[in-house]
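Report on the following structure.
Numbering (the numbering used here), first residue to last: 237 to 460.
So, in structure tokens, the structure goes:
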């Protein structure tokens, strides 16, 4: 029986408690809700990423081939639903600019092309069975609808959906989004987040901004 299995659909597991791969960076309170997928986060949700314990014993493309491998970077308070797939760099040996996309073993060293780090910024929500393609950046507060295939960057506080995923709407007005980007509530101290949780669980961005000016900014003026 693998570690990190889920016992019920309501159960979540914090990524900080699960991740062992050095190619994955995760923030605080981000979680994976993987009951229906029945996979571990690093062996099912994240795919084709060298650096897990088994792959490290089999080969080392950094030392063997000099490859610069892409990383997966996940911010704070990110929600990943069951069935989410994050495709990474282990299979970037299929070259569409070559005559064949077949990865001949003799050409593996020269065939690899990095896509860039895959980044899921803080407070993003990735819906059930969504697929994140390599090198994509999902902005803070963004929502990816269930079943979507995300092939390009998603702006902050934007809802996208479909295959390929396209913008459905902005979550807030442009001015409200700028306020949220300034406040970065997900980087506050945990006790400040807890005090602000009733406001965070509302639609009053102006009220949150007042809280930020009154209680957060004075304690950390560098946030401005």
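Think of the CB as a built atom: it goes at the ideal place given N, C-alpha and C, for glycine as much as any other residue.
TODO: Would you mind working out which of 376, 377 and 403 sits nearest residue 387, comparing C-alpha positions?
DONE: 403 is the residue among 376, 377 and 403 whose C-alpha sits nearest the C-alpha of residue 387.
TODO: Would you list the residues sitting across from residue 315 in a DSSP beta bridge?
DONE: Checking the DSSP bridge columns, you'll see residue 315 partnered with 267 and 361.
Open item on the list: Using C-beta distances below 7 Å, list every residue in its chain close to residue 298, excluding the 5 sequence neighbours before and after it, in chain order.
Closed with: If the five residues before and after residue 298 are omitted, its C-beta is found closer than 7 Å to the C-beta atoms of 305, all from its own chain and listed in chain order.
TODO: Starting from residue 323, trace the beta strand (DSSP E) both ways and give me its first and last residue.
DONE: Counted as a single uninterrupted DSSP element, the beta strand (DSSP E) harbouring residue 323 occupies residues 321-323.
Task: Through-space distance from residue 356 to residue 350, alpha-carbon basis - done: CA-CA distance, residue 350 to residue 356, rounds to 18 Å.
Open item on the list: Please classify residue 418 as buried or exposed, where buried requires at least 16 neighbouring CB atoms within 10 angstroms.
Closed with: Counting C-beta atoms within 10 angstroms of its own C-beta, residue 418 has fewer than 16 neighbours from the protein chains shown and is therefore classed as exposed.
Open item on the list: Between 431, 420, 310 and 436, which has its C-alpha nearest residue 263's C-alpha?
Closed with: The shortest CA-to-CA distance from residue 263 to any of 431, 420, 310 and 436 is the one to 310.
TODO: Kindly indicate the opening and closing residues of the beta strand (DSSP E) around residue 248.
DONE: From DSSP, residue 248 is part of no beta strand (DSSP E); its letter is neither H nor E.
Open item on the list: Mapping the DSSP letters down to three states, classify residue 452 as helix, strand or coil.
Closed with: Three-state DSSP puts residue 452 in a helix.
Task: Minimum C-alpha distance to residue 269 - residue among 383, 450, 318 and 452 - done: Of the candidates 383, 450, 318 and 452, the one whose C-alpha sits nearest the C-alpha of residue 269 is 318.
Open item on the list: According to DSSP, simplified to helix, strand and coil, what is residue 409?
Closed with: Here DSSP, grouped into helix, strand and coil, assigns residue 409 to coil.
TODO: Assign residue 397 to buried or exposed, taking buried as 16 or more other Cβ atoms, counted over all protein chains shown, within 10 Å of its Cβ.
DONE: Counting the other CB atoms within 10 Å of its CB gives residue 397 a total of 16 or more, which places it among the buried residues.
Open item on the list: Since residue 345 and residue 301 should fall inside the 8 Å C-beta cutoff, what is the C-beta to C-beta distance between them, to a whole number of angstroms?
Closed with: About 5 Å separates the two Cβ atoms, so the contact holds.
Task: DSSP state of residue 241 mapped onto helix, strand, coil - done: Secondary structure at residue 241: coil, using DSSP grouped into helix, strand and coil.
Open item on the list: Suppose the cutoff is 6 Å on Cβ atoms and the five residues either side in sequence are ignored; what does the same chain contact list for residue 390 look like?
Closed with: If we look at residue 390 and ignore the five residues flanking it on each side, its Cβ neighbours are 374, 375, 378 and 396.
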